[in-house]
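Participant:
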Amino acid sequence: MEVDPTCNVTGSDHEPLTFLIFIHQNNPPNPEEDLGYRFESDNQTREAWTLEFHTKWLEVCNSYPNISVDNQPAAIDRWATLLGETILAATAATMKRKKVSRSKQSPWWSSNISEVIAEIQEAGKHGDIDRLPGLRNKLKRVIQEAKSSWATSIVESATNLNIWQLAGWSKGKRKKVVPPLEAPDGSII
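So the sequence shown is numbered by the UniProt record's numbering: it starts at 1 and just counts up by one.
#1: Taking buried to mean at least 16 other C-beta atoms within 10 Å of its own C-beta, is T94 buried or exposed?
#2: Taking Cβ positions, are I113 and I143 nearer each other than 8 angstroms?
#3: The alpha helix (DSSP H) with L58 in it runs from where to where?
#4: Please classify V177 as buried or exposed, where buried requires at least 16 other C-beta atoms within 10 Å of its C-beta.
#5: R131 by DSSP, collapsed to three states: which one?
#6: In terms of residue numbering, what span does the alpha helix (DSSP H) encompassing T112 cover?
#7: Alpha carbon to alpha carbon, how far is I117 from P133?
#8: Count the other CB atoms, across all protein chains shown, that sit within 10 Å of the CB of E85; report buried if there are 16 or more and exposed otherwise.
What follows is the structure, given as structure tokens:
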């Protein structure tokens with residue numbers, strides 16, 4: 001494999017596509033380790049991003065003028081890392097960050113559920129339809145276990161102040177708040 005990490009940004013629009021980077025991801029992404037933000041992109045920021053990326057990539061290439069790849073995995077990894085850092089730097093400099101709302105995620109969601117969903121998606125992509133019914137059943141079981149353990153943790157840690165959290169979750173979003181229980185003498189229980 002020959003890799004040409006030269007930086008010619010004035011030629012054809014195909015010039016930046018001089019090498020491919022194959023990333024093998026053995027472990028699925030962990031939602032707890034997610035950065036927690038995304039970037040908003042539109043047509044107005046596209047030109048600014050392209051200019052920023054080209055400028056930063058030229059700086060990177062000028063900083064490492066004598067590095068040759070010569071089929072050395074360490075050098076290829078270094079260029080891949082530099083490319084990723086340059087893309088992220090250009091993106092952060094030109095686009096607005098938007099926060100990902102974690103409030104929409106169910107409180108019982110776990111990484112096990114994400115892993116099973118990823119398995120279902122992979123089976124669908126590769127046309128492995130024989131595995132899909134079993135994976136869907138596995139997803140139902142994993143969701144049921146997650147909901148059960150979450151509800152059990154709520155019940156075990158319940159006090160008279162937070163017991164209504166479980167009732168509020170099981171009924172979905174309510175438009176009206178559940179009124180407090182009143183004793184016959186009018187006091188709140």
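No residue lacks a Cβ here, since even glycine has one placed at the ideal position from N, Cα and C.
These numbers come from a predicted model, not from an experiment.
Facilitator: For this structure:
#1: buried
#2: yes
#3: N43 to S63
#4: exposed
#5: coil
#6: The amino acid at residue 112 is misidentified as Thr; the sequence shows Asn. Taken as a continuous stretch (DSSP letters only), the alpha helix (DSSP H) holding N112 covers S111 to K125.
#7: 13 angstroms
#8: exposed
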